[in-house]
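Going by my numbering, the sequence shown opens with residue 5, and the numbers climb by one from there.
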Amino acid sequence: MSTQMADQLFPSSDESIVDAPVPVKTSKKKRKTAEKASGSQPTASKKTKSRATVRDLFGTDSDDDELDHSVVKSPSTDSPSSYMYCDKCKTEIPKPEFRYHKRTNIHKSNCLIKSKFEHIDIIATAFKNRIMTYRLNPSIEDEYLLPEAFLDGKRDDVYKLIELSLLKHTCIKVNFELFAYFVLPKSGEQQLKSFNTKYEVIYKSTDFDQIYLNMRETFKMKLTEFEHCESGWSFTSLSHLEININKYSPMRGGSYIELPVVIKNTKSCINVYNNDEYCFLWSILAGLFPVKNNVCRTSSYPHFNSIFNIKGMSFPPSAKDIRLFEKNNSNLSINIYGLDQHYTVTGPLYVTNFKKDKHINLLYFEKNDRAHYCLIKDLLRLVRRQVSRHKGRMYLCETCLQFFTSEMKFHSHACSKIITLLPDKNSTLQFKHFERQQKINFVIYADFESLLCNYDEENTNKNTIKNKLHLPSCFAYYVCCSHDTSLNKFVTYTGTDCVQVFVKKLIEETKSIHKVLITKKAMKPMTPEQMNNYRSASRCHICKNLLFDDKVQDHDHITSEYRGAAHSHCNLIYKVCPFIPVIFHNLSGYDSHIFIKELSKYDGEIKIIPKTKEKYLSFTKIIETDKCYKPLQIKFIDSFQFLSTSLDNLSKSLTDSDFLNLKSHFPDDKKFELIRRKGIYPYEYIDSWQKYNETQLPPKHCFYNSLQMKHITDSEYEHAQTVWNYFNISSLGEYTDLYLKSDVLLLCDIFENFRKICLQHYNLDPAHYVSSPGLSWDAMLLYTGVQLELIHDLEIYKMIEKGIRGGLAQCSHRYAKANNIYLPHFDDSRPSSYLVYLDCNNLYGYAMTKKLPISDFKFMTSFEMVNFCLFDIPDDAEYGYILEVDMMYPDNLHNLHKDLPFAPEKFIPIGGKTEKLIANLYDKYNYVIHYIYLKECIRHGLILKKIHRILQFKQENFLKKYIDLNTQLRQSAKTSFERDFFKLLNNSIFGKTIENKRKQVDVKLVTKWNDNKNRTNKTLCAEKLIAKPNLKSISVFSEDFLAIQLDPEKLVLDRPIYVGFAVLEYAKQHMYNFHYDFIKKNTVTMQNCVIPILTVYYT
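In structure tokens form, the structure reads like this:
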């Protein structure tokens, strides 16, 4: 494979800039304008690329407008003929600069590039082709092949792509994603699903046959599991295969770097002082040939050339070189660990396949742009401070870095292959965020509107439905100040550059607010009444605990008002909120995608809380200001995560007096009455800038919503006409401005009212949070004052985790047909039968009012277990128990219990490949169960054969107070939204207690390949993140903006999962009790058809 062929697929940064001598002269200033509009970097114009090569690469002549289907004329509001719209780059370009724009890297990267192979497209590139995504499309006759046959047929094409990539980069990281169609036969619903593989590092010497075989088997297994796991889904046809190929710059170590002080103080490492690139080898020598004196000198050890076979290796070594080193020196094995920014040991970065008698552990760490290896002589001592304070003998797993107190427990544990951390002994979970009781002074509410342009080009890809292109056209935001309404401010803007203007203005606005917030004002002189209150105060107004000698006067640093007496440490944490919230309704699903790329262009990190790689619950922009103060934080929040319904429904739940901000902008009663409801807007009709100039309201049919597939009503259209006429609207653009303003002000008043309700009932401001579950969790901790003990023993944690089985859902009797006088097909010759649907209202709410574990977790001794009598323990005892038992299911119960067997368990059914929760009549072994549910099982005939261990804990019904509060608020609620909201607060508590930390997503937004000028922030560059062993996937948004998803480097088990476990056990006990002690006892014949945990169908 020649380098010339590689250049055709991977044009260098110089060659891909200019297509041919430019036929139209363009000034330097205009060129910069075009590049800024298109998002590309300034380019040189000296080197050129022949027209034939470009035609090979793109499939078109890039100088010929007639052959370029990305040209869509879409004039701006200012000058109808001055702009042209580039459909590929999704932006408008000044018309004189459009030819030059087509020669920029960003345009070429956005085009669907046809490669040299049939049925292969290059669908995404980033950072000058260092990151590329290919799509391999099946031919028409291949679409209905089995996936294995399709992959076998594409093997040669994939091999060629890998070879070409290795010619360009020498070392790459690759993963595969297979897309296929599945159908639900009953409904006919069809969906496109995808399955991916882990990233693999590939060198020229890599055995790619084995990697391809593994990929093939992975897809076969995942597709089979999906068909079995997702009930009803059936494979129909293939869509395509995507290959993500990334340049890989492996981790490398070099000359000496001094160890961080905190690591040096552990005296667990030997850091050999070398002046060459062989720190890796010197560190291994230090482990193989220990000396008493001068351990850090290279002269204390034999030279590595006389000891090791390093043939074929390069130094500093990459992961491939380390694997080769182990192969060449077969008596050695190596593990490598890393350090994070807090000097916590992470990894392992490299794990040997087989641990040998001569095993070496190395520590890899970095400083600025340099990296280094050193010997870990005592791994336990190195990590002890972060895993345990236990002073007795410990057995440490070198893979997950979890310790055990006995050798038997160590050998029997299921290693998670990731560093697992538990809280320190005596750690508790309680309310600590007292600063969130303060109402945030400034909140910004914002919204965008877009042109919904049609795709003019033919849609040749059946896998993509091109519906509408959303081109942002205008924005509005409103600054709402809680302490001084004179600081409230409304800003709106319409134009092709509205995204750039929004980000620029928002940063300027928040910087001005930041100056107000950091200016501390002295407290006003206290009144005699305030002084008396302060002197008589016995409790802190912040934490509500007793005051002693550390009593101080707390005041608001913004308003200067005295707030109350407080502890000195409470006063210190009761500071002004460190961030400024910017709130959108549906930020996660829509608005964030409009401006986050532009936001990333400004200096400063974007910290995200991801739902997925491409959807973010919230994100925060960090902007450095004066070095004397903490940086400015702009926190973007989605109000839909709290108020999960439309603004129209939300506005109906408020009274006129609640719309303070809307009323201040529309004091006229008639205008206020018209604007206090959600406006009527023809979203899909506004598909070009010219539409804004229309002077009449569009006809009713223009308000059709194709997503909801419905028209507006006559009354809604009449309301739009009334608004148009009463507000003397002169154009559709003016109508858009009014609609956008009313939307933002409605959102402001709705969320401000929501804040008022939460401060009133829970004494917390929702603007501090990103979703209602987080708000509810803190509200519960504050309201109840509970202190939940965090489990510090991995054995206890894993025992409880093993017992979490979720809610049971199964079909015991697959078909039932009713026969009674109320049905048209009634057959009086057959017995009458009925179908009934029963729903257990508030089941989890009921379970959460019971006594739940809170503290004092310990395993009972053998002596205590001998004297343990299950039925002597009351259900509401001070101490509760979780048991691991063996139970026998007697044969005489099988017919009686066949519709709903006790003690469901997780296992892989015969013929299946995935684990499922199944209620069965088998005997139970090592079954983890709550003592309340165990009593229910035994009471109905199951036989307890053996108790392996018993976990004792203190229990209280601490949640009852909070559950009852929300239940009461729900009963007194005046709107459906409030009723649903208070119910959600209760249900979300259960979700927080059972939260699985293993499923959390770590996503980084990246705008640079590397950044040598800002070395401290280099970890957020693509080159280094791709080199990490925990790389999971990459999404390319544009040439210089992408999201990188990483698997977690460490797992912190700090959730009170014992609460969620107990709630699930109480719920099962309640449903089984209802079925066997009520339904079965009070009916003659009853068959159980469907058993979800909350609802039951009976016949």
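Ideal placement from N, C-alpha and C gives every residue a C-beta, glycine not left out.
Shortest Cα-Cα distance from residue 885 to any of 473, 1048 and 957 involves 957. Counting along the chain, no alpha helix (DSSP H) covers residue 1049; the unbroken beta strand (DSSP E) around it starts and ends at 1045 to 1050. Only residues of its own chain outside the window of five on either side were considered, and among them 768, 769, 772 and 782 have a CB closer than 7 Å to the CB of residue 440, listed in chain order. By DSSP's assignment, residue 570 forms a beta bridge with 556. With fewer than 16 other Cβ atoms from the protein chains shown falling within 10 Å of its own Cβ, residue 833 counts as exposed. Burial state of residue 301 is exposed, judged by a 10 Å Cβ sphere holding fewer than 16 other Cβ atoms. Leaving aside the five residues that flank residue 273 on each side, the residues in its chain whose CB is nearer than 8 Å to its CB run, in chain order, 263, 267, 367, 378, 379, 380, 381 and 386. Put simply, the region 802 to 819 does not touch the region 469 to 486. Fewer than three CB pairs are less than 8 Å apart. Following the DSSP letters along the chain, one finds residue 510 inside the alpha helix (DSSP H) bounded by residues 502 to 522. In terms of CA proximity to residue 790, 963 leads the group 175, 283 and 963. Between residue 137 and residue 604, the CB-CB gap reaches or exceeds 8 Å. Rounded to whole angstroms, residue 1078 and residue 876 show a C-alpha spacing of 23 Å.
The continuous alpha helix (DSSP H) containing residue 756 extends over residues 736 to 766. For residue 1006, the enclosing beta strand (DSSP E) covers residues 1006 to 1010. According to the DSSP assignment, residue 936 belongs to the alpha helix (DSSP H) that extends over 935 to 943. By the neighbour-count definition (other C-beta atoms within 10 Å, threshold 16), residue 740 is a buried residue.
In its chain, beyond the 5 residues on either side, 152 and 155 have a beta carbon closer than 7 Å to the beta carbon of residue 220.
Around the C-beta of residue 279, fewer than 16 other C-beta atoms lie within 10 Å, and the residue is accordingly described as exposed. Here the region 561 to 579 lies against the region 522 to 535, with 3 or more beta-carbon pairs under 8 Å apart. Your pair residue 753 and residue 658 checks out as a contact, with CB atoms roughly 7 Å apart and the cut at 8 Å.
Contact check for residue 930 against residue 890 passes: the beta carbons are separated by less than 8 Å. The alpha-carbon separation between residue 334 and residue 365 amounts to approximately 16 Å. Residue 918 sits in coil when the DSSP states are folded into three classes, being neither helix nor strand.
Burial state of residue 881 is exposed, judged by a 10 Å Cβ sphere holding fewer than 16 other Cβ atoms. Each residue's CA atom was taken as its position, placing residue 568 and residue 534 some 8 Å apart. CA-to-CA, the gap between residue 299 and residue 353 works out to about 25 Å. Contact check for residue 863 against residue 954 passes: the beta carbons are separated by less than 8 Å. The residues 633, in chain order, have a CB closer than 6 Å to that of residue 522 in the same chain once the five nearest residues on each side in sequence are set aside. In this structure residue 1041 is in contact with residue 601, their Cβ atoms being roughly 6 Å apart against a cut-off of 8 Å.
Taking the Cα positions, residue 583 is about 49 Å away from residue 363. Residue nearest to residue 847 within the set 1065, 994 and 1071 is 1071 (criterion: CA-CA distance). The beta carbon of residue 1065 is closer than 6 Å to those of 804, 807 and 808 in its chain, skipping five residues each way along the sequence. For residue 952, the uninterrupted beta strand (DSSP E) segment begins and ends at 947 to 960.
Residue 595 sits in a helix when the DSSP states are folded into three classes. Residue 295 sits exposed, since fewer than 16 C-beta atoms from the chains shown fall within 10 Å of its C-beta. When 720, 199, 610 and 938 are compared, the shortest CA-CA separation from residue 950 is found for 938.
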